[in-house]
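*Asks:* So the sequence shown is numbered by the working numbering: it starts at 2 and just counts up by one.
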Amino acid sequence: MRIGLDFDNTIACYDSAITKLAEEMFELPDLVPRTKLGVRDYLRMQAREVEWTAFQGELYGPGMRYAQAYEGAIETMLELSALGHELFIVSHRSKKPYAGTPHDLHAAARAWLKETVQSHGLFINDQVFFLETRDQKVQMIKELGCEIFLDDLPEVLEAPEFPSITRGILFVPDSSNEKVSTHHTTISQWTSLPALIKQA
Ligand SMILES: [Mg+2]
């Protein structure tokens, strides 16, 4: 099967990267949770929105050195690949940050993939696509003819142009997140993916 995979917050986990980078960049009071929402809300409350935007540019740029693959992600990709499935990574993230140092965010993600994923023997160089908008991403999923697509954002799976031949699977690593839509097959860990694909 042709299996498409989202990148940010599906393969790459930023939980500890956010914590580490926020400690480096800001002097946070003890009470501020070192999470994405915690840091964002704190900066917003202080009218430091620009710093929040710059933070994201750092996070998805050089801050990727702190990002980790989700537990089981690499092993599962290797397993699926060994079973003969074709894997594609299709992501949308802006190429340059909206504020702060103009890092090449696509290059940062590719470098991370090379070091973190491809170093384990998964060679998918020409099957990795970084696009700038969600529409372009959905179009690419269509062009690649993905039969499965795994993403952490319901908006992607529910986009009007999302191909009808593609079965969307929602990745919800934090199963306590109640806001998530229930229209989709949902997995909370990568290791659940092969069984789902087998049924398809
Ligand atoms: Mg994502």
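For glycine and all other residues, C-beta sits at the position ideal for the given N, C-alpha and C.
(1) Could you give the first and the last residue of the continuous beta strand (DSSP E) run that contains Glu87?
(2) My output table needs one value for Arg3: the three-state DSSP class, helix, strand or coil.
(3) Got a sec, what are the start and stop residues for the alpha helix (DSSP H) Ile198 sits in?
(4) Quick check: is any heavy atom of ligand 1 less than 7 Å from the C-beta of Thr11?
(5) Excluding sequence positions up to five away, which residues of its chain have a Cβ less than 8 Å from the Cβ of Leu29?
(6) Relative to the C-alpha of Ala68, which candidate in Gln140, Ala109, His104 has its C-alpha closest?
(7) Between the C-alpha atoms of Gln140 and Gly101, what's the straight-line distance to the nearest angstrom?
(8) Classify Tyr15 as buried or exposed, calling it buried when 16 or more other Cβ atoms lie within 10 Å of its own Cβ.
(9) Using only CA atoms, which one of Pro155, Glu72, Met46 lies nearest to Gln190?
(10) Select from Glu144, Ser17, Lys138, His184 the residue whose C-alpha is nearest the C-alpha of Val91.
(11) Tell me which residues share the same chain as Lys143 and place their Cβ nearer than 6 Å to its Cβ, disregarding the 5 neighbours each side in the sequence.
(12) Report the rounded CA-to-CA distance for Arg111 versus Ile198, giving the unit in angstroms.
(13) Comparing C-alpha positions only, which one of Thr186, Asp127, Gln128, Glu148 sits nearest to Leu154?
(14) My output table needs one value for Ile19: the three-state DSSP class, helix, strand or coil.
(15) So, helix, strand or coil for Thr1, using DSSP?
(16) Please state whether DSSP places Ala74 in a helix, a strand or coil.
*Replies:* Taking the coordinates as given:
(1) 87-93
(2) Note: Arg3 maps to strand in three-state DSSP.
(3) Where Ile198 is concerned, the enclosing alpha helix (DSSP H) stretches over 194-200.
(4) It does: the Cβ of Thr11 is within 7 Å (strictly closer) of some heavy atom of ligand 1.
(5) Ala23, Arg35, Val40, Tyr43
(6) Ala109
(7) 30 Å
(8) That one is buried.
(9) Glu72
(10) Lys138
(11) Pro164
(12) 26 Å
(13) Thr186
(14) helix
(15) Here the chain has residues from 2 to 201 only, and residue 1 is not among them.
(16) helix
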